[in-house]
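Asks:
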Amino acid sequence: MKNKRTYLNSLLLAVSLSMAGGASSVAATDVVTDVIADESDFEIVAYYGDKLEDRVVVVDVNNMTLKSANATYGTDPYPVDKAGDLDKVYAVTRGSNSMDVIDSQTFEQIGLVELPHYPRSAEAYNAHMRLQLVTGADKPMASLIDIDTDTVVASVGENIVYEANGDYGGSNATGHPFWFSKRKFALIDRPNRTIHVYKVRLKRNGEYKVTELSSITTPTAVHHLIQGERQRIFYALAEGSAQNNYAPLVIKYKLKKGVLTELAQTSLAQDSVEIMGSHHANMHPDGQHMYIGSTEGKLYVLDTETMTIVKTIEVGLGTGHTTFAPDRNLAIITNHKDTFVSVIDTSTHSLIKNVTVSGAQQNGTILQSHTSLISPDMNYFYAFASDNGIFFELDLNTLEVSRTLETGGTPLQGVFLCDGQSCSGM
Numbered sequence: 280m281k282n283k284r285t286y287l288n289s290l291l292l293a294v295s296l297s298m299a300g301g302a303s304s305v306a307a308t309d310v311v312t313d314v315i316a317d318e319s320d321f322e323i324v325a326y327y328g329d330k331l332e333d334r335v336v337v338v339d340v341n342n343m344t345l346k347s348a349n350a351t352y353g354t355d356p357y358p359v360d361k362a363g364d365l366d367k368v369y370a371v372t373r374g375s376n377s378m379d380v381i382d383s384q385t386f387e388q389i390g391l392v393e394l395p396h397y398p399r400s401a402e403a404y405n406a407h408m409r410l411q412l413v414t415g416a417d418k419p420m421a422s423l424i425d426i427d428t429d430t431v432v433a434s435v436g437e438n439i440v441y442e443a444n445g446d447y448g449g450s451n452a453t454g455h456p457f458w459f460s461k462r463k464f465a466l467i468d469r470p471n472r473t474i475h476v477y478k479v480r481l482k483r484n485g486e487y488k489v490t491e492l493s494s495i496t497t498p499t500a501v502h503h504l505i506q507g508e509r510q511r512i513f514y515a516l517a518e519g520s521a522q523n524n525y526a527p528l529v530i531k532y533k534l535k536k537g538v539l540t541e542l543a544q545t546s547l548a549q550d551s552v553e554i555m556g557s558h559h560a561n562m563h564p565d566g567q568h569m570y571i572g573s574t575e576g577k578l579y580v581l582d583t584e585t586m587t588i589v590k591t592i593e594v595g596l597g598t599g600h601t602t603f604a605p606d607r608n609l610a611i612i613t614n615h616k617d618t619f620v621s622v623i624d625t626s627t628h629s630l631i632k633n634v635t636v637s638g639a640q641q642n643g644t645i646l647q648s649h650t651s652l653i654s655p656d657m658n659y660f661y662a663f664a665s666d667n668g669i670f671f672e673l674d675l676n677t678l679e680v681s682r683t684l685e686t687g688g689t690p691l692q693g694v695f696l697c698d699g700q701s702c703s704g705m
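Okay, so the sequence shown: first residue is 280 according to the working numbering, each after it adds one.
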């Protein structure tokens, strides 16, 4: 790739938490024929964790070729996350007390980040303090990683292995990592259904001091937090709990002086709660609406100003992540338990088309990956048909699958690194 020492941008679209948390035209029915950016202006490489084969799969997206498929030192690699602004990535091995450090140029394992807990996710980077926030899979803990030394400088939470509490999100002890500001971060404690707010300070002796400022309980476990359009406004997606008769809900908070105050909460539905469960919400490009998927196969559109559900769209089973193509007024919906993605007109909040991207389930895992990407020219959507081990390209002009790459395994979640002039605006 060009500019081998520094990538201009890294795009973490998982959970797709970073797009949802960081927020982040023509009619969707009109085909866009103008090329926004020449494909030669950018090069994209995708890094995915493959839990089935304990490896990291690296894909040259432009050329649709497999660049590497190296085994990890740790077990159960799930996400792969960019290590700050450096030429390396972290393979989040959820079955080990460590993360593999992988050189993003050679694709070789170059070290380990030793942790006091199994890692869940590590996508939250604080450029101001050069610290990566990693949350726990087996314990309700979080660790701060110095990206220059790949060492833990502080850990918070309870150093106790917890069992799942029965809420929709499963056995992970925490939700996604999240920074409220330059010095404040969240620990989403799933077993105890609590959000903790912490503040970190670098002392004169070079040590980091972390202080808990407040905590607030939630009706069900929270999966992730989203930054609102207005300063100090945040949203939490509570996953729901069928056995406790709780539908998934969105909770609106204000953070002031380190204390979260609940402003409102909205359930996605009042009936059929026993078949519901949600793990991701994404903010619409208009900054007002939010798209929230639920496993029964519906996409809910929330007006975050009035905190009301304004539209319900029938999509696919296991409705998960939303990836927006703002210049096209399109959104691509990942359906984790179905063989197709759903294409939405974001100007009318309506379904345009379901596009088949995989065959039936073969390996007992999700059919579509947590991570996806819209290319910088907004001509293509990329993701894995995870259970089938197929990386695919969806042409946003024709709304058809245009290219595929079979890698085997079950690549589940990762990061796209984009190098080139067109990447900087993403």
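Even for Gly, the Cβ is constructed at its ideal location relative to N, Cα and C.
This one's a predicted model, so the numbers in the text were calculated from it and none came from an experiment.
(1) In whole angstroms, what is the alpha-carbon distance linking Glu-576 and Gly-566?
(2) Rounding to the nearest angstrom, what Cα-Cα distance links Ala-639 and Thr-430 in this structure?
(3) For Lys-463, which option in Asp-446, Ala-406, Glu-508, Gln-384 has the closest C-alpha, if you only look at C-alpha atoms?
(4) So, does the region 624-643 touch the region 654-666, judging by three or more C-beta pairs under 8 Å?
(5) Just the C-alpha distance for Val-432 and Thr-414, rounded to the nearest angstrom, thanks.
(6) Since Ile-571 contacts Val-529 with CB under 8 Å, what's their CB separation in whole angstroms?
(7) If you check the beta carbons only, do Asp-254 and Glu-322 fall under 8 Å apart?
(8) Suppose the cutoff is 8 Å on Cβ atoms and the five residues either side in sequence are ignored; what does the same chain contact list for Glu-541 look like?
(9) Under 8 Å Cβ to Cβ from Arg-472, same chain only, skipping five residues before and after it: list those, please.
(10) Taking the straight line between their C-alpha atoms, what separation do you get for Leu-652 and Pro-564?
(11) Quick one: using the 10 Å Cβ neighbour count with 16 as the cut-off for buried, is Pro-358 buried or exposed?
(12) Helix, strand or coil for Ala-443? Go by DSSP, reduced to three states.
(13) Where does Asp-317 fall in DSSP's three states?
(14) How many Å lie between Ala-350 and Trp-458 at the Cα?
(15) Could you check where the beta strand (DSSP E) with His-600 kicks off and where it finishes?
(16) Give me the Cα-Cα distance between Ala-452 and Arg-373, rounded to the nearest whole angstrom.
(17) Tell me whether Asp-666 sits in a helix, a strand or coil according to DSSP, three-state version.
(18) Locate the beta strand (DSSP E) running through Cys-697, then write down its first and last residues.
(19) Since Gly-415 is in the beta strand (DSSP E), which residue starts that stretch and which ends it?
(20) Measure the alpha-carbon distance for Asp-468 versus Gly-519 and round it to whole angstroms.
(21) Excluding the 5 residues flanking Ile-645 on each side, which residues of the same chain have their C-beta closer than 6 Å to its C-beta?
(22) Taking Thr-500 as part of the beta strand (DSSP E), name the residues at either end of that continuous run.
(23) Can you give the beta carbon distance from Thr-613 to Ser-637, rounded, assuming they're within the 8 Å contact cut?
(24) Ordered along the chain, which non-local residues of its own chain (more than five positions away) have a Cβ less than 7 Å from that of Tyr-659?
(25) Using only the alpha-carbon positions, how far apart do Thr-635 and Glu-393 sit?
(26) Where DSSP assigns a beta bridge to His-455, which residues make up the other side?
(27) Between Gln-544 and Gln-506, what straight-line distance do the alpha-carbon atoms span, to the nearest angstrom?
(28) Phe-670: which of Asn-341, Asp-320, Ser-557 sits nearest, CA to CA?
(29) With a threshold of 16 other CB atoms inside 10 Å of the CB of Glu-491, please say whether the residue is buried or exposed.
(30) In terms of alpha-carbon separation, which member of Gln-384, Ile-588, Asp-355, Asn-376 lies closest to Val-368?
(31) Contact defined as beta carbons within less than 8 Å: I believe Ile-592 pairs with Leu-578. What is the distance between those atoms, to the nearest angstrom?
(32) What is the residue span of the beta strand (DSSP E) that Ser-434 lies within?
(33) Where do the ends of the beta strand (DSSP E) carrying Met-420 lie?
(34) When the Cα of Ser-347 is compared with those of Pro-356, Glu-387, Lys-361, Asp-320, which residue comes out closest?
(35) May I have the straight-line CA-CA distance separating His-558 from Asp-425, to the nearest angstrom?
(36) Going by DSSP in three states, Gln-567 sits in which element: helix, strand or coil?
Replies: If we stick to the structure as given:
(1) As a first step, residue 576 is located in the sequence shown; it is residue number 297 there, counting from the start. As a first step, residue 566 is located in the sequence shown; it is residue number 287 there, counting from the start. In the sequence as displayed, the identity of residue 576 is Gly instead of Glu. Roughly 24 Å separates the two Cα atoms.
(2) Position 360 of the sequence shown, counting from 1, holds the residue named residue 639. Position 151 of the sequence shown, counting from 1, holds the residue named residue 430. Roughly 42 Å separates the two Cα atoms.
(3) Position 184 of the sequence shown, counting from 1, holds the residue named residue 463. A check of alpha carbon separations from Lys-463 across Asp-446, Ala-406, Glu-508, Gln-384 identifies Ala-406 as the nearest.
(4) Touching, yes, given that three or more Cβ pairs across the two stretches are closer than 8 Å.
(5) As a working note, residue 432 is residue 153 in the sequence shown. As a working note, residue 414 is residue 135 in the sequence shown. If you take the alpha carbons of Val-432 and Thr-414, they lie about 14 Å apart.
(6) On the sequence shown, residue 571 is found 292 positions in, with the first residue counted as 1. On the sequence shown, residue 529 is found 250 positions in, with the first residue counted as 1. So it is a contact: roughly 7 Å between Cβ atoms.
(7) In this structure the chain extends from 280 to 705, so residue 254 is not present and cannot be described.
(8) Position 262 of the sequence shown holds residue 541. Ile-495, Ile-530, Lys-531, Tyr-532, listed in sequence order.
(9) As a working mapping, residue 472 is identified with position 193 in the sequence shown. So the qualifying residues of the chain are Asn-444, Asp-446, Thr-496, Thr-497, Pro-498, Thr-499, Ala-500, Val-501.
(10) As a first step, residue 652 must be located in the sequence shown, where it is residue number 373. As a first step, residue 564 must be located in the sequence shown, where it is residue number 285. Approximately 15 Å between the Cα atoms of the pair.
(11) Mapped onto the sequence shown, residue 358 falls at position 79. Result: buried.
(12) Counting from one through the sequence shown, the residue named residue 443 turns up at place 164. Residue state, collapsed to three classes: coil.
(13) Start at 1 with the first residue of the sequence shown, and residue 317 comes out as number 38. Confidence at Asp-317 is low in this model, with a pLDDT of 48, below 50, so the placement of that residue should be treated as unreliable; the coordinate-derived value is given next. In the three-state reduction of the DSSP assignment, Asp-317 falls in the coil class, being assigned neither a helical nor a strand state.
(14) In the sequence shown, counting from the first residue as 1, residue 350 sits at position 71. In the sequence shown, counting from the first residue as 1, residue 458 sits at position 179. If I take the Cα positions, the gap works out to 31 Å.
(15) Mapped onto the sequence shown, residue 600 falls at position 321. That run of the beta strand (DSSP E) goes 598-604.
(16) Along the sequence shown, read from residue 1 onward, the residue named residue 452 stands at position 173. Along the sequence shown, read from residue 1 onward, the residue named residue 373 stands at position 94. Rounded to the nearest angstrom, the two C-alpha atoms are 11 Å apart.
(17) Here residue 666 is taken as the residue at index 387 of the sequence shown, counted from 1. Three-state result, Asp-666: helix.
(18) In the sequence shown, residue 697 corresponds to position 418, counting from 1. Counting along the chain, the beta strand (DSSP E) containing Cys-697 begins and ends at 690-699.
(19) Reading the sequence shown from its first residue, position 136 is the one you call residue 415. Judged by DSSP secondary structure, Gly-415 falls within the beta strand (DSSP E) whose first and last residues are 410-415.
(20) Walking along the sequence shown from the start, residue 468 turns up at place 189. Walking along the sequence shown from the start, residue 519 turns up at place 240. Using only the alpha carbons, I get a separation of about 15 Å.
(21) Within the sequence shown, the letter at position 366 stands for residue 645. Within the same chain, Ile-645 has close Cβ partners His-615, Ser-665.
(22) Taking the first residue of the sequence shown as 1, we reach residue 500 at position 221. Looking at the sequence itself, residue 500 is Ala, so the reference to Thr does not match. Segment: none, Ala-500 is in no beta strand (DSSP E) and carries neither H nor E.
(23) By 1-based counting over the sequence shown, the position of residue 613 is 334. By 1-based counting over the sequence shown, the position of residue 637 is 358. Contact flag wrong, Cβ pair sits at about 11 Å.
(24) Start at 1 with the first residue of the sequence shown, and residue 659 comes out as number 380. Cβ neighbours of Tyr-659 beyond the five flanking positions: Glu-672, Leu-673, Asp-674, Leu-675.
(25) Locating residue 635 in the sequence shown gives position 356, where the first residue counts as 1. Locating residue 393 in the sequence shown gives position 114, where the first residue counts as 1. If I take the Cα positions, the gap works out to 41 Å.
(26) Here residue 455 is taken as the residue at index 176 of the sequence shown, counted from 1. Answer is none; His-455 lacks a bridge partner.
(27) As a first step, residue 544 must be located in the sequence shown, where it is residue number 265. As a first step, residue 506 must be located in the sequence shown, where it is residue number 227. Computed Cα separation, rounded: 16 Å.
(28) Here residue 670 refers to the residue found at position 391 of the sequence shown. Nearest C-alpha to Phe-670: Asn-341.
(29) Here residue 491 refers to the residue found at position 212 of the sequence shown. So Glu-491 counts as exposed.
(30) Looking up residue 368 in the sequence shown gives position 89. Minimum Cα distance to Val-368 is reached at Gln-384.
(31) Within the sequence shown, the letter at position 313 stands for residue 592. Within the sequence shown, the letter at position 299 stands for residue 578. With 8 Å as the limit, Ile-592 and Leu-578 qualify as a contact, their Cβ atoms being about 4 Å apart.
(32) Counting from 1 along the sequence shown, the entry for residue 434 is found at position 155. Run containing Ser-434: 430-436, per the beta strand (DSSP E) assignment.
(33) Counted from its first residue, the sequence shown places residue 420 at position 141. Met-420 -> beta strand (DSSP E) spans 420-425.
(34) For this step, residue 347 is matched to residue 68 along the sequence shown. Of the candidates Pro-356, Glu-387, Lys-361, Asp-320, the residue whose Cα lies closest to the Cα of Ser-347 is Glu-387.
(35) Residue mapping note: residue 558 aligns to position 279 of the sequence shown, counting from 1. Residue mapping note: residue 425 aligns to position 146 of the sequence shown, counting from 1. His-558 and Asp-425: Cα-Cα distance of roughly 29 Å.
(36) On the sequence shown, residue 567 is found 288 positions in, with the first residue counted as 1. Gln-567 falls in the coil class under three-state DSSP.
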